[in-house]
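Structure first, commentary second.
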Amino acid sequence: MSDFKKYVIIVSGGVGSRMNNSVPKQFLEVGKLPILMHSIRAFDQDDIRIVLVQNDTYREMWTSLCLKHRFDVPHSLISGGETRFHSVKKGLEFVFENEEELDNVLISIHDGVRPLVSKKLINSSFEEVIQKKAVVPTIESKDSVRIISGEVQNKAIERKRVRLVQTPQTFYGSMLKKAYQIPYSTDLTDDASVMEKSGYPIYLIDGDIRNIKITYPIDLAIAELWMAD
Numbered sequence: 004m005s006d007f008k009k010y011v012i013i014v015s016g017g018v019g020s021r022m023n024n025s026v027p028k029q030f031l032e033v034g035k036l037p038i039l040m041h042s043i044r045a046f047d048q049d050d051i052r053i054v055l056v057q058n059d060t061y062r063e064m065w066t067s068l069c070l071k072h073r074f075d076v077p078h079s080l081i082s083g084g085e086t087r088f089h090s091v092k093k094g095l096e097f098v099f100e101n102e103e104e105l106d107n108v109l110i111s112i113h114d115g116v117r118p119l120v121s122k123k124l125i126n127s128s129f130e131e132v133i134q135k136k137a138v139v140p141t142i143e144s145k146d147s148v149r150i151i152s153g154e155v156q157n158k159a160i161e162r163k164r165v166r167l168v169q170t171p172q173t174f175y176g177s178m179l180k181k182a183y184q185i186p187y188s189t190d191l192t193d194d195a196s197v198m199e200k201s202g203y204p205i206y207l208i209d210g211d212i213r214n215i216k217i218t219y220p221i222d223l224a225i226a227e228l229w230m231a232d
């Protein structure tokens with residue numbers, strides 16, 4: 004691993020409309036800190052450079068929160084784009100400007116509202132990607148799943164064939180540079196879908212059931228319980 008340079012791009016541009024709160028969800032507190040700070044702290048390792056991509060609208064708020072909480076984890080702050088795809092692309096451009104040789108650069112991309120990501124998952128993602136080139140953590144679905152094919156047409160599929168996708172998703176920098184040259188489309192919902200559409204195979208690794216994405220108010224309560232544990 005010592006021959007590789009490691010980056011994480013943490014994407015934090017959402018407005019949190021489903022949280023019924025005027026404060027963007029990444030800035031809501033859980034465990035006495037804003038959600039985003041927990042996500043950044045998880046990657047605070049000597050050999051990982053942290054790149055935070057954020058909507059310019061919230062730059063002043065973020066600065067104030069960092070002062071309030073005395074948050075001093077080193078990170079580069081980059082302006083976000085119109086969609087997640089464009090925000091990730093801006094974060095990647097920052098990395099590419101700082102690295103001439105991308106074949107020895109490993110890049111994780113993580114949702115800023117997944118504050119419970121473990122160092123174990125982070126480290127295993129970087130370790131696995133060296134051989135597999137493109138790795139995505141997933142967990143099994145605990146619910147039954149149906150596929151909709153029309154207004155009234157739907158069909159049950161085997162639950163064991165379904166995996167729920169998480170972040171961080173980790174790739175070689177050289178592959179990401181090629182993949183993110185494709186035009187944006189609404190079906191590109193995460194980095195794995197961008198890579199897949201560019202022709203790269205995706206390898207799944209075990210995720211973590213605690214690595215939840217904070218989307219609804221109930222998720223805050225669950226995160227509080229797990230952090231207390």
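Heads up: the sequence shown begins at 4 in my numbering, then just goes up one per residue. We put the beta carbon where it would ideally sit given N, CA and C, even for glycine. Bear in mind the structure is a predicted one, so any value in this text is a computation, not a measurement.
Secondary structure, beta strand (DSSP E): runs of 3+ residues fully inside the region 128-206: Segments of the beta strand (DSSP E) lying fully in the region 128-206: 137-143, 148-151, 157-160, 166-168 and 172-175.
Touch test, the region 176-192 against the region 101-110, Cβ-Cβ under 8 Å, three pairs minimum: yes
For the beta strand (DSSP E) holding leucine 80, just list the boundary residues, first then last. 79-82
Pull the bridge partners of leucine 109 from the DSSP assignment, please. Lys9 and Tyr175
Looking at the secondary structure, which residues open and close the alpha helix (DSSP H) in which isoleucine 221 lies? 220-231
Keeping to the same chain, check which residues put their C-beta closer than 6 Å to that of isoleucine 151; ignore five residues upstream and five downstream. Asn157
Please give the ranges of any beta strand (DSSP E) in the region 37-64, keeping only runs that are unbroken, at least 3 residues long and fully inside the region. 51-57
Going straight from the alpha carbon of valine 14 to that of valine 155, what length do you get? If you take the alpha carbons of valine 14 and valine 155, they lie about 36 Å apart.
For lysine 9 and isoleucine 43, which I take to be in contact (beta-carbon distance under 8 Å), what is that distance rounded to the nearest angstrom? So it is not a contact: roughly 15 Å between Cβ atoms.
I need the straight-line Cα distance from methionine 230 to leucine 119, nearest angstrom please. 8 Å
Locate the alpha helix (DSSP H) running through glycine 94, then write down its first and last residues. Its alpha helix (DSSP H) spans residues 87-101.
List the whole-angstrom C-beta distance separating lysine 204 from alanine 137, where the pair is believed to meet the contact cut-off of C-beta under 8 Å. Note that residue 204 is proline in the sequence shown here, rather than lysine. Right, the Cβ-Cβ distance comes to about 7 Å (below 8 Å), so this counts as a contact.
Could you check whether aspartate 209 and threonine 170 sit closer than 8 Å to each other, using their CB atoms as the reference points? Going by C-beta atoms, threonine 170 is not nearer than 8 Å to aspartate 209.
Alpha-carbon to alpha-carbon, leucine 36 and serine 188: 35 Å
Helix, strand or coil, according to DSSP, for isoleucine 208 in the structure here? Here isoleucine 208 sits in strand by DSSP.
Where serine 67 falls: helix, strand or coil (DSSP): helix
According to DSSP, what are the bridge partners of glutamate 104? Answer is none; glutamate 104 lacks a bridge partner.
Please state whether the Cβ-Cβ distance between arginine 162 and valine 148 is less than 8 Å. One thing to note: arginine 162 has its Cβ within 8 Å of the Cβ of valine 148.
Note down the Cα distance separating histidine 72 from valine 116, rounded to an integer number of angstroms. 18 Å
Which residues does DSSP pair with serine 15 in a beta bridge? Looking at the DSSP output, serine 15 sits in a beta bridge with Gln57.
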